[in-house]
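Position one of the sequence shown corresponds to residue 259 (the working numbering), numbered consecutively onward.
We treat Cβ as the ideally placed atom computed from N, Cα and C, and that holds for glycine.
Written out below as structure tokens is the structure these notes cover.
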Amino acid sequence: MTVSSGSIAIDPAIDARFMALALALGRRGLGNAWPNPAVGAVIVRNEPQGPVVVGRGWTQPGGRPHAEVEALRRAGAAARGATIYTTLEPCSHFGRTPPCADAIIAAGIARVVSALDDPNPDIAGEGYRRLRARGIAVVTGVGAAEARRVHAGHVRRMRDGRPHVMLKLAVSSDGKAGLAGRRPAAITGEPARERVHRLRAMYDAVLIGIGTALADDPLLTCRLPGMATRSPARVVLDSGLRLPPDSKLVRSAREIPLWVVAAPDAAPAREDALQERGAEVMRVDGAGGRRDLAATLKCLATRGITRLMVEGGPTVAAAFLAADLLDEAVLLRAPVTIGADGIAALEGLPLTALTQSPRLRSRGVVFVGADSIETFERS
259 MTVSSGSIAI DPAIDARFMA LALALGRRGL GNAWPNPAVG AVIVRNEPQG
309 PVVVGRGWTQ PGGRPHAEVE ALRRAGAAAR GATIYTTLEP CSHFGRTPPC
359 ADAIIAAGIA RVVSALDDPN PDIAGEGYRR LRARGIAVVT GVGAAEARRV
409 HAGHVRRMRD GRPHVMLKLA VSSDGKAGLA GRRPAAITGE PARERVHRLR
459 AMYDAVLIGI GTALADDPLL TCRLPGMATR SPARVVLDSG LRLPPDSKLV
509 RSAREIPLWV VAAPDAAPAR EDALQERGAE VMRVDGAGGR RDLAATLKCL
559 ATRGITRLMV EGGPTVAAAF LAADLLDEAV LLRAPVTIGA DGIAALEGLP
609 LTALTQSPRL RSRGVVFVGA DSIETFERS
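Below, the structure written as structure tokens:
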């Protein structure tokens with residue numbers, strides 16, 4: 259049923275429809291908006307023929323302009339008296355940009371529909387209070403479940419001081435991740451590998467251990483056509499700074515950020531060699547062991563990372579799982595068989611430690627070519 263508030267028609271189905279559009283727009287900024295959340299915004303006017311979208315926006319690269327400001331700019335004068343749908347509470351503080359709440363007020367917006375309250379302590383309801391104080395109708399919680407997924411990185415960073423962590427794991431039909439002697443193996447088919455590149459584009463940073471860096475000499479970029487600029491920052495756990503200066507990661511460090519996490523006592527000369535080529539070394543107490551992972555995540559969070567994709571080998575994957583630092587996992591299974599002498603997917607743990615973990619629940623399986631992709635999320 260449609261009800262009205264002043265001159266504004268209110269229909270829950272219409273609110274849900276336009277919030278879904280705002281969420282879709284916001285996802286365009288995933289992996290590209292950090293340190294800010296990837297917000298989407300839609301401005302809608304009620305016309306005699308029905309609701310009409312007059313402005314759309316999403317958080318721009320580097321986190322600004324914000325989505326609401328982008329949508330207001332595109333709407334212009336048509337924003338006056340309209341409704342704005344935003345996937346996160348409009349900001350109310352001066353950061354690198356003026357408050358979005360003030361921009362909404364100045365534009366003459368009559369109604370704000372927000373999916374999720376902002377856990378940032380600088381906001382935390384102040385955006386709503388500022389809007390309501392100026393007579394603007396505010397509705398919250400529309401599309402909240404999906405908004406929590408889209409903004410999981412922002413929420414985790416604000417509440418726990420670390421990024422949202424997703425593990426990507428590719429395994430053979432017999433549960434192996436590589437060949438004997440820790441040699442890499444092409445496990446999944448090309449369609450599944452394209453999915454992995456799409457995932458990289460949606461994460462702020464991708465992390466591996468030094469074992470994978472030495473064995474595979476990867477680039478860790480997004481190599482889909484036209485998406486090279488969406489490559490995430492690369493992070494290598496390398497306590498002793500063994501990463502070769504002539505590796506692909508280091509050779510590309512001036513184009514795509516490369517952060518090497520080392521122990522405090524790692525050789526300064528090795529740090530100098532990496533930094534001369536554009537890499538940055540972050541020294542973390544206990545780097546290289548399982549105990550350091552939480553400290554490493556907090557260090558990444560201070561640099562603005564909200565979403566971290568872990569692509570490391572069996573040792574790193576098992577360490578994150580054992581430390582209960584996984585918020586999500588993507589398991590790619592291929593029909594190929596490697597054999598008993600292959601490397602287990604999780605060092606020292608059965609694959610069921612992930613697939614039957616009480617802390618993770620399956621969200622379902624999709625098939626891509628001959629491979630299956632199962633997604634898990636924190637319970």
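I need the boundaries of the alpha helix (DSSP H) containing residue i, first residue and last residue.
i    : result
L279 : P270 to G284
D530 : P526 to Q533
G469 : I468 to D474
D360 : C358 to A365
Tell me whether residue i is buried or exposed, calling it buried when 16 or more other Cβ atoms sit within 10 Å of its Cβ.
i    : result
G385 : buried
F578 : buried
G321 : buried
A410 : buried
L281 : buried
V574 : buried
R617 : exposed
D582 : exposed
F276 : buried
A520 : buried
G600 : buried
R488 : buried
A365 : buried
N378 : buried
A329 : buried
V310 : exposed
A368 : buried
T260 : At T260 the pLDDT is 34, less than 50, meaning the model places this residue with poor confidence; the figure from the coordinates comes in the next sentence. By the 10 Å Cβ count, T260 comes out exposed.
G264 : In this predicted model, G264 has a pLDDT of only 35, less than 50, meaning its place in the structure is not dependable; the value taken from the coordinates is given anyway. Per the 10 Å Cβ criterion, exposed.
A337 : buried
L482 : exposed
S510 : buried
T560 : exposed
A428 : buried
R314 : buried
A296 : buried
A274 : exposed
E513 : exposed
A463 : buried
Give the single residue among the options whose Cα lies nearest to the Cα of residue i.
i    : options                   : result
P490 : T564, A405, T398 and A359 : T564
V397 : G313, N378, P348 and M424 : P348
R453 : S637, R636, V624 and F276 : V624
V300 : A521, A373 and A471       : A373
V626 : D550, G447 and E569       : G447
A602 : V400, A443, T344 and S350 : A443
L495 : P449, I514, V518 and E513 : V518
A403 : A537, M567 and A278       : A278
R451 : D269, L465 and A628       : A628
L566 : P572, A576, G308 and A587 : A587
G401 : D375, G393 and M416       : D375
Y461 : R390, T479 and L472       : T479
I381 : L427, L346, R528 and P608 : L346
P449 : A296, R303, R591 and A291 : R591
S630 : G484, L589, A361 and R331 : L589
G339 : P356, Q318, S350 and E305 : E305
A271 : V371, D418, L558 and R417 : V371
M416 : A527, S615, L558 and R528 : L558
S497 : D543, Q533, S620 and M485 : D543
D269 : P356, E635, T341 and A525 : T341
Start and end of the beta strand (DSSP E) containing residue i?
i    : result
A553 : Careful: A553 lies outside any beta strand (DSSP E), inside the alpha helix (DSSP H) at L551 to T560.
T573 : Looking at the DSSP string, T573 is not in any beta strand (DSSP E); the run it does join, the alpha helix (DSSP H), is P572 to A580.
I631 : D629 to R636
L288 : It is not in any beta strand (DSSP E) - L288 carries neither H nor E in the DSSP assignment.
V539 : E538 to R541
R565 : R565 to V568
Can you find a heavy atom of the ligand MG that lies under 7 Å from the Cβ of residue i?
i    : result
L389 : The ligand content of the structure shown is nil, which means the ligand MG is not present either.
Am I right that residue i and residue j are in contact with their C-beta atoms under 8 Å? What's the rounded C-beta distance?
i    : j    : result
A531 : L516 : At roughly 13 Å, the Cβ-Cβ gap does not stay under 8 Å, so A531 and L516 are not in contact.
G284 : W316 : 5 Å
L551 : P421 : Not a contact, Cβ separation roughly 12 Å.
R414 : D585 : 7 Å
I596 : L389 : With 8 Å as the limit, I596 and L389 do not qualify as a contact, their Cβ atoms being about 57 Å apart.
A598 : L604 : That belief does not hold up - the Cβ atoms of A598 and L604 are roughly 16 Å apart, past 8 Å.
A471 : R440 : That belief does not hold up - the Cβ atoms of A471 and R440 are roughly 12 Å apart, past 8 Å.
P572 : A359 : So it is not a contact: roughly 48 Å between Cβ atoms.
L522 : R541 : Going by the sequence as given, residue 522 is Pro instead of Leu. Correct: roughly 5 Å between the Cβ atoms.
G528 : L499 : Just to set this straight, residue 528 is Arg in the shown sequence, not Gly. Confirmed, Cβ separation roughly 4 Å.
P319 : A361 : About 19 Å separates the two Cβ atoms, so there is no contact after all.
V568 : S430 : Wrong, their Cβ atoms sit about 19 Å apart, outside the cutoff.
Are the C-beta atoms of residue i and some chain D residue less than 8 Å apart?
i    : result
V464 : Of the protein chains in the structure, only one exists, and it is not chain D.
Whole beta strand (DSSP E) runs in the region 367-437 with 3 or more residues, listed along the chain? 369-372, 395-398, 422-429 and 434-436
Any chance you could list the beta strand (DSSP E) runs of at least 3 consecutive residues sitting entirely within the region 582-626, in chain order? 586-591 and 618-626
Runs of alpha helix (DSSP H) wholly within the region 300-347 (minimum 4 residues, chain order): 325-333
Could you tell me which whole alpha helix (DSSP H) segments of length 4 or greater appear in the region 446-522? 448-459, 468-474 and 506-509
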